[in-house]
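Notes follow the structure.
Residue numbers (the working numbering): 6 to 420.
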């Protein structure tokens with residue numbers, strides 16, 4: 006096993022660890038360990054909400070999540086010799102749930118998928134599903150099943166939702182300025198257009214005193230992906246993947262977490278993956294001056310791993326950039342098109358006995374594939390959603406006999 010450079014006791018909050026993590030991006034979060042190019046090492050991770058979600062049949066915990074406390078990031082890990090302008094080469098060697106543990110924290114033999122309430126985070130289909138819902142998943146090796154979604158069993162593509170390097174002070178200031186400008190266009194929107202820095206529930210790692218206060222006041226929230234990497238939520242970012250991260254500060258300061266047992270493209274419920282704590286093993290290297298050499302001026306470049314389940318048959322749902330509820334046409338809007346593909350899949354699955362909420366949870370958690378299929382034929386962009394038929398224990402394909410409806414139970418709901 007590689008050396009553990011960041012350890013987590015899953016029975017304790019990230020705030021109470023021997024070495025606490027952090028939940029804001031800031032260049033002054035202190036490095037907790039240093040590795041060299043060529044090293045292999047392990048990082049242990051806490052579930053992204055710091056285990057605010059329980060293994061139960063109520064979605065009240067999803068409804069009431071304190072998003073200001075998220076994400077719980079392990080690190081920062083310094084890389085010897087890394088300087089601004091370099092590319093940090095990160096290979097994912099292995100990752101998974103908490104090894105050999107069963108317990109109350111997500112990752113200890115189980116995980117969850119949540120639909121976040123519109124008033125607290127929302128999701129891709131939040132106008133159609135404004136309340137909070139949840140599905141608990143049990144892990145059986147590489148396979149996940151859920152008492153809240155009977156009839157479904159699939160192999161997950163395990164991956165981290167979030168890893169990245171620290172921003173420079175100048176880059177952090179740019180983030181905060183442009184995101185505040187966006188928020189200011191509609192400051193009362195629910196859910197909000199963005200999340201400005203907020204010291205409430207900020208965790209600054211090993212920083213103390215005025216340094217910790219500055220990190221809380223200035224640090225960027227971790228919800229979106231940015232130039233440093235961050236919360237990409239790419240399902241194929243798994244074993245065998247290689248990521249080339251831009252380096253913005255000395256030592257690079259690699260941090261992350263938000264591990265997922267599985268996820269569909271888009272993570273459409275916002276908490277759409279199967280969330281868990283666990284471990285991830287890395288190998289790192291450097292390409293000196295790599296940002297200029299390869300024209301990587303903004304976002305990371307990554308090579309997906311070749312580890313994924315073998316699903317050979319899919320049922321594909323198509324959406325175009327038309328809001329069919331209001332019969333409004335949008336010009337080449339891929340977001341509207343993918344939303345409609347998701348809604349079409351939800352309506353289809355309801356014919357087999359699932360509730361709309363169950364179908365929505367399934368599309369967030371299962372390894373569906375989302376694609377931009379056509380983005381040149383004015384005025385309608387076309388997106389598609391590929392649903393593996395092999396994840397169901399019944400025939401989900403259209404037939405002349407019609408869908409086989411059954412009692413599929415219910416997901417966890419709010420009281």
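Just so it is clear, CB atoms sit at the ideal spot from N, CA and C, and this is done for glycine as well.
(request) Could you pull out every residue in the same chain whose Cβ sits closer than 6 Å to the Cβ of residue 345, ignoring the five residues on either side in sequence? (result) 324
(request) Step through the CB atoms of chain B and report whether any lies within less than 8 Å of the CB of residue 137. (result) Considering every chain present, this structure includes no chain B. It has just one protein chain.
(request) Can you tell me the Cβ-Cβ gap for residue 183 and residue 200, rounded? I've got them flagged as a contact below 8 Å. (result) At roughly 13 Å, the Cβ-Cβ gap does not stay under 8 Å, so residue 183 and residue 200 are not in contact.
(request) Determine the closest residue to residue 403 out of 69, 356, 365, 72, with distance taken between C-alpha atoms. (result) 356
(message) Taking DSSP's pairing of strands, which residues face residue 119 in a bridge?
(response) DSSP lists 139, 276 as partners of residue 119.
(message) Taking 8 Å as the threshold (C-beta atoms), are residue 53 and residue 280 in contact?
(response) yes
(request) State buried or exposed for residue 145, treating a residue as buried only when at least 16 other CB atoms are found within 10 Å of its CB. (result) exposed
(request) Tell me where the beta strand (DSSP E) around residue 389 begins and ends. (result) 387–393
(message) Ignoring anything shorter than 3 residues, give me the beta strand (DSSP E) runs that lie fully in the segment 19–107, in order along the chain.
(response) Fully enclosed beta strand (DSSP E) runs of no fewer than 3 residues occupy 38–40, 45–50, 79–84, 92–102 of the segment 19–107, in order along the chain.
(message) Since residue 171 and residue 233 should fall inside the 8 Å C-beta cutoff, what is the C-beta to C-beta distance between them, to a whole number of angstroms?
(response) Contact annotation, residue 171 with residue 233: C-beta distance approximately 7 Å; criterion of less than 8 Å satisfied.
(request) Going by CA-CA distance only, name the one from 168, 187, 337, 278 that's closest to residue 425. (result) The requested residue 425 is not part of the displayed model; the chain covers only 6 to 420.
(message) Extract the residue ranges of the beta strand (DSSP E) inside the segment 362–389, only unbroken runs of 3 or more that lie entirely within it.
(response) The beta strand (DSSP E) runs lying completely inside the segment 362–389 and spanning 3 residues or more are 374–379, given in chain order.
(message) With a threshold of 8 Å, are at least 3 pairs of Cβ atoms found where one atom belongs to the segment 37–57 and the other to the segment 280–296?
(response) yes
(request) Indicate whether residue 369 and residue 269 have their beta-carbon atoms separated by less than 8 Å. (result) The Cβ atoms of residue 369 and residue 269 sit closer than 8 Å to each other.
(request) Tell whether a beta-carbon distance below 8 Å holds between residue 318 and residue 256. (result) no
(message) Quick check on residue 311: buried or exposed, where buried means 16 or more other Cβ atoms within 10 Å of its Cβ?
(response) Per the 10 Å Cβ criterion, exposed.
(request) Whole angstroms is fine: what's the gap from residue 125's alpha carbon to residue 204's? (result) 18 Å
(request) Would you decide whether residue 73 is buried or exposed? Buried here means 16 or more other CB atoms lie within 10 Å of its CB. (result) exposed
(message) In the DSSP output, what is residue 291 paired with across the bridge?
(response) 93
(request) State yes or no: is the C-beta of residue 423 within less than 8 Å of the C-beta of residue 420? (result) No information on residue 423 is available, as it lies outside the stretch 6 to 420 that the chain covers here.
(message) If the criterion is Cβ atoms closer than 8 Å, does the pair residue 350 and residue 386 meet it?
(response) no
(message) Can you tell me where the alpha helix (DSSP H) holding residue 215 begins and where it ends?
(response) 214–223
(request) Look at the Cβ atom of residue 302, then the Cβ atom of residue 372, and state whether they are nearer than 8 Å. (result) no
(request) Give me the Cα-Cα distance between residue 400 and residue 358, rounded to the nearest whole angstrom. (result) 13 Å
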